[in-house]
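Data first, discussion second: the structure below is written as structure tokens.
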Amino acid sequence: MGGLVRLRDARGNGTDFWMSTNRATPWTARGALGRARRDAGATLDGVDARGGAAMTSGRMETAGEDSTAATRGDDAEEAAEDDALEHAPTVFVGFPHASLVCPQCRDVMLSPVVAENGTTYCAKCAPREDAEDALAEDAEVEDAIQSLPVLCRRAMVLKRNAQGASEWCWKADGCGESGIRLRLRDVHDRECAFVPRRCWYPYDSRVECEANEARKGRDYCGAIVTKIAYVSHVSECAWRSVKCDVKGCEDVVPFCKMTQHALTCPSALVKCPNECEWDGKRRELAEHREICPREYIKCGFINLQHEDGNGCLYGCERDAIDSHRTDCDFRPWHCPSCDAVVNAMHASIHAVKCEESRRPCPRCRAMVRTRAFDAHQEFFCVGASKPCAFAAFGCLEVGAETELRAHERDAAPRHLRLVVKALEAERSSGRKKSKVIERMEQALNKFGEEYASLATKASERVRFVESKAIEEMDRLNEHMESSKRAYDAHVVALEKEIEQLKADRAAAVDADAHLAKLDTAITCEEAQQLLDAAKGEMASVNAQFAKLQFAIDVREQKWEEDIEHAATKEAATREAVRREIASIIATTSGADDDLLKRMDTLSTEIREISRTLNLDLMDLADKQKELEDAWRRANENPRLRASAPRAKNPPSPTRGDSDSEASEAVSVKPRRKFKTTSDTTSETASERSHRRLGSATLRARRLAAAAAASSEDLTNAPIPPSIIAMTDSERSFDPTSRADLADAPEPPSAAAAAAVADDDILRGALLSRYVHVTAKPNAAPEPNPLVVPRPPWIDSDDDL
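Per my numbering, the sequence shown starts with residue 15, numbered consecutively.
Below, the structure written as structure tokens:
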């Protein structure tokens, strides 16, 4: 939807803030910069008012993946908050002046330019005969737009309406700075008191927090608060650093972990948990428990045979452990033979199996080590039995050494036969082996022939493949040479083209620099003149603003005084009328029938008078509409409006047609609220009423007008500015609209007036104004795109 849109609050009520769709661009580039800083690990808070140092006490180990996930969650949360406000619309405080609103799109101009007809438009809305025509920029209008006050983006919030669509609303508890100039919006955005900041307590910055792999809510605060509330937050933050109050302890820990630190503080005074007489600091408790006589300890002897086996599981106080260890089955025992260490329960078994222990030989009665006992019996024992030397040839004789020597002398022929027999067996075995060798030689010769044939075929295949490879390589080399020549030629052409482009670019840069120098050339005298003119204009604007603010304050004060005065006067009039009615009823109690007839007659006459007044008011509304048309035509051309003299006295609705026609030549600024209580009336309307009603009716009309004069101040009280500010722009009040007599409610009858005499007799006296006030206005006329409607509480330009 084009044009300025009224911004609503969270409850749907209208405000005096106007949202521009033309200037719906991102505020600044700081959103991307902030995300880059978060990616680089830069701190968001900088130097703050933190009174403590980083936490120095021991902390729990955290996994690297958990800390990375927590940091990513914080980044996503901050990025969501930044992106939500990065595309916040531009909202102007108060409706901008008509000269700053584009007549085509009905919005504040974006890049204003002056069209060929002299009217200022947006660059995209300006009419052009040729789309390529360049129009002159209107720097004065752009400077005025940049001076308009806008709303801070942190005073807005994006919500969903009843239809489910997203809608920007005014945030009452947001930033209250409403006088921010559009050109200084970025400066305020950096210094806004509602900029969100993250609390990194107990660390000094985000870098230190990430270096310690901290997690939100477990190792640091991580709360996001506004800058204005940050000082109060850090003074009450549960993660603020505080010093331990134990004497001698210099640790600084978070406030929320002070209870946990008090249970582990190394400087705290404690007693021995074994209920001995010792007491001291917690850091000395471990040393004391190593020598405490009442400390419960285990025996400590292990199973030396099996390292994985359980040792002695007996436990008692340190004073009684020595008596147990003297009799413990797992106490160490040193072997006297091999110096091995075994448990006492395995000492007897080790003594039997120890290789260094000595045992007597059963044959020679010599004491021999256990590990050499077998060798002694076999080689060194004098009484040991040995086999015959010819046992390998089949002799089975066994005996002592002397017996074997006698056996060798007596059994020499037998031994010779055994040797011959063994040689014959070896010879027959050799013949069998020679036959096997001959068969293997034949197989090897055959295999060699097959191998030579295969080697010949393989060499021929290799020579063929090599020839083919050489041919293919020659062909590829020729193709590469041709490709290289073509590539070199293409490179040379590209280098020439690049040189030409560099020369063209250098010429273009020189031309652009010369043009920029010519465009920006300005003398010091001209710059000083512009600066002096700007200062004078700023002083004039400030004076006009102060005058306008003073006039508004005076009007509001006068409005409150008029309302109070009218209310007091109405109460007094109502009381007087009631007393008069009571006295009349008391004096005319016997003339009820005459009174009812007279009231009916008066009711009929008052109805006729009301209709006559409505007709007169319709004529006056027509005249006012004619004056507004003349005013609109005079304001259609801004240049004519600037050159035309200002009318000090706007034309009155009671002037004749000649005065109205004469006022069309000047800039007419009609009042937004038509004064229906003028003392003078049109001569033509008065004569027409006299001919229609007669003199008697006119006298009754004057009596009714006099009766209604008491409440004139209340009905003519101006509409308060707060009500005007909260009304919807699409349902603006049009005081010049004509009353619809067909839809007007009927005045009360005389019978009904008699039934409720206390209140309705006064209502009947005000009947002439009742019809006009309750009449329904027709559709409002189409507003002029160049002129902004004048607020109803400002009657003329003199009030500005």
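Even for Gly, the Cβ is constructed at its ideal location relative to N, Cα and C.
Assigned secondary structure, residue i (DSSP; H/G/I helix, E/B strand, else coil)
{"i": "Pro182", "result": "The identity of residue 182 in the sequence shown is Trp, whereas the question assumes Pro. DSSP places Trp182 in strand when its eight states are reduced to three."}
{"i": "Asn628", "result": "helix"}
{"i": "Asp757", "result": "With a pLDDT of 44 at Asp757, under the threshold of 50, the predicted position of this residue should be treated as unreliable, and no value is reported."}
{"i": "Ser597", "result": "helix"}
{"i": "Ala768", "result": "Here Ala768 scores only 41 on pLDDT, less than 50, and its place in the model should not be relied on; the value that follows carries that caveat. Looking at Ala768 - three-state DSSP - the assignment turns out to be helix."}
{"i": "Lys400", "result": "strand"}
{"i": "Ser362", "result": "helix"}
{"i": "Val284", "result": "strand"}
{"i": "Arg345", "result": "coil"}
{"i": "Tyr234", "result": "strand"}
{"i": "Asp293", "result": "strand"}
{"i": "Gly48", "result": "Any reading at Gly48 is ruled out, since the residue's pLDDT is 46, under 50, leaving its predicted position unreliable."}
{"i": "Pro210", "result": "strand"}
{"i": "Val434", "result": "helix"}
{"i": "Pro427", "result": "helix"}
{"i": "Gly462", "result": "helix"}
{"i": "Thr582", "result": "helix"}
{"i": "Ser617", "result": "helix"}
{"i": "Val37", "result": "A quick correction: the sequence has Arg, not Val, at residue 37. Residue state, collapsed to three classes: coil."}
{"i": "Ser351", "result": "coil"}
{"i": "Glu650", "result": "coil"}
Cβ shell of residue i (< 6 Å), same chain only, five flanking positions each side left out
{"i": "Asn357", "result": "Leu318, Phe344"}
{"i": "Thr690", "result": "Here Thr690 scores only 42 on pLDDT, less than 50, and its place in the model should not be relied on; the value that follows carries that caveat. Counting only Cβ-Cβ distances below 6 Å, and skipping sequence neighbours, we find nothing."}
{"i": "Gly17", "result": "Arg120, Asp121"}
{"i": "Arg142", "result": "none"}
{"i": "Gly190", "result": "none"}
Sequence-distant residues of the same chain with beta carbon closer than 8 Å to residue i, five excluded per side
{"i": "Val284", "result": "Asp293, Gly294, Lys295, Arg296, Leu299"}
{"i": "Val433", "result": "Phe404, Phe407"}
{"i": "Cys330", "result": "Tyr310, Ile311, His338"}
{"i": "Lys325", "result": "Residue identity check: residue 325 is Gly in the sequence provided, not Lys. For Gly325, where only same-chain residues beyond five positions count, the Cβ hits under 8 Å are Cys313, Gly314, Phe315, Ile316, Asn317, Phe344."}
{"i": "Ala389", "result": "none"}
{"i": "Glu492", "result": "none"}
{"i": "Gly188", "result": "Cys166, Arg168, Ala169, Met170, Val171, Phe208"}
{"i": "Ile194", "result": "Pro163, Val164, Leu165, Cys166, His202"}
Neighbour-count burial assignment, residue i, 16 or more Cβ in a 10 Å radius
{"i": "Tyr135", "result": "buried"}
{"i": "Gly262", "result": "exposed"}
{"i": "Ala541", "result": "exposed"}
{"i": "Cys251", "result": "buried"}
{"i": "Met170", "result": "buried"}
{"i": "Ser362", "result": "exposed"}
{"i": "Lys637", "result": "buried"}
{"i": "Leu641", "result": "buried"}
{"i": "Gly236", "result": "buried"}
{"i": "Leu634", "result": "buried"}
{"i": "Val245", "result": "exposed"}
{"i": "Asn36", "result": "buried"}
{"i": "Ala648", "result": "buried"}
{"i": "Ala596", "result": "exposed"}
{"i": "Pro103", "result": "buried"}
{"i": "Ala140", "result": "buried"}
{"i": "Val201", "result": "exposed"}
{"i": "Asp607", "result": "exposed"}
{"i": "Leu124", "result": "buried"}
{"i": "Ile159", "result": "buried"}
Sheet register partners of residue i (DSSP bridge)
{"i": "Gly816", "result": "Because the chain spans 15 through 814 in this model, residue 816 falls outside it and cannot be assessed."}
{"i": "Arg827", "result": "Nothing can be reported for residue 827: it is not among the residues displayed for the chain, which extend from 15 to 814."}
{"i": "Asn357", "result": "Pro346"}
{"i": "Lys257", "result": "Val266"}
{"i": "Arg195", "result": "Pro163"}
{"i": "Gly413", "result": "Lys400"}
{"i": "Ser106", "result": "Residue identity check: residue 106 is Phe in the sequence provided, not Ser. Trp32, Val164."}
{"i": "Val239", "result": "Arg211"}
Beta-carbon contacts of residue i that lie in its chain and below 7 Å, excluding the five residues immediately before and after
{"i": "Val61", "result": "The predicted position of Val61 is uncertain, since its pLDDT is 34 and thus under 50; a value taken from the coordinates is nonetheless stated next. Nothing meets the Cβ criterion."}
{"i": "Glu415", "result": "Lys400"}
{"i": "Ala436", "result": "Phe407"}
{"i": "Pro376", "result": "none"}
Every unbroken beta strand (DSSP E) inside the region 481-558 [3 residues or more]: none
3 or more residues per run - each beta strand (DSSP E) lying fully within the region 108-185: 170-174, 180-184
Segments of 3+ residues assigned as beta strand (DSSP E) that fall wholly inside the region 297-340: 310-312, 329-331
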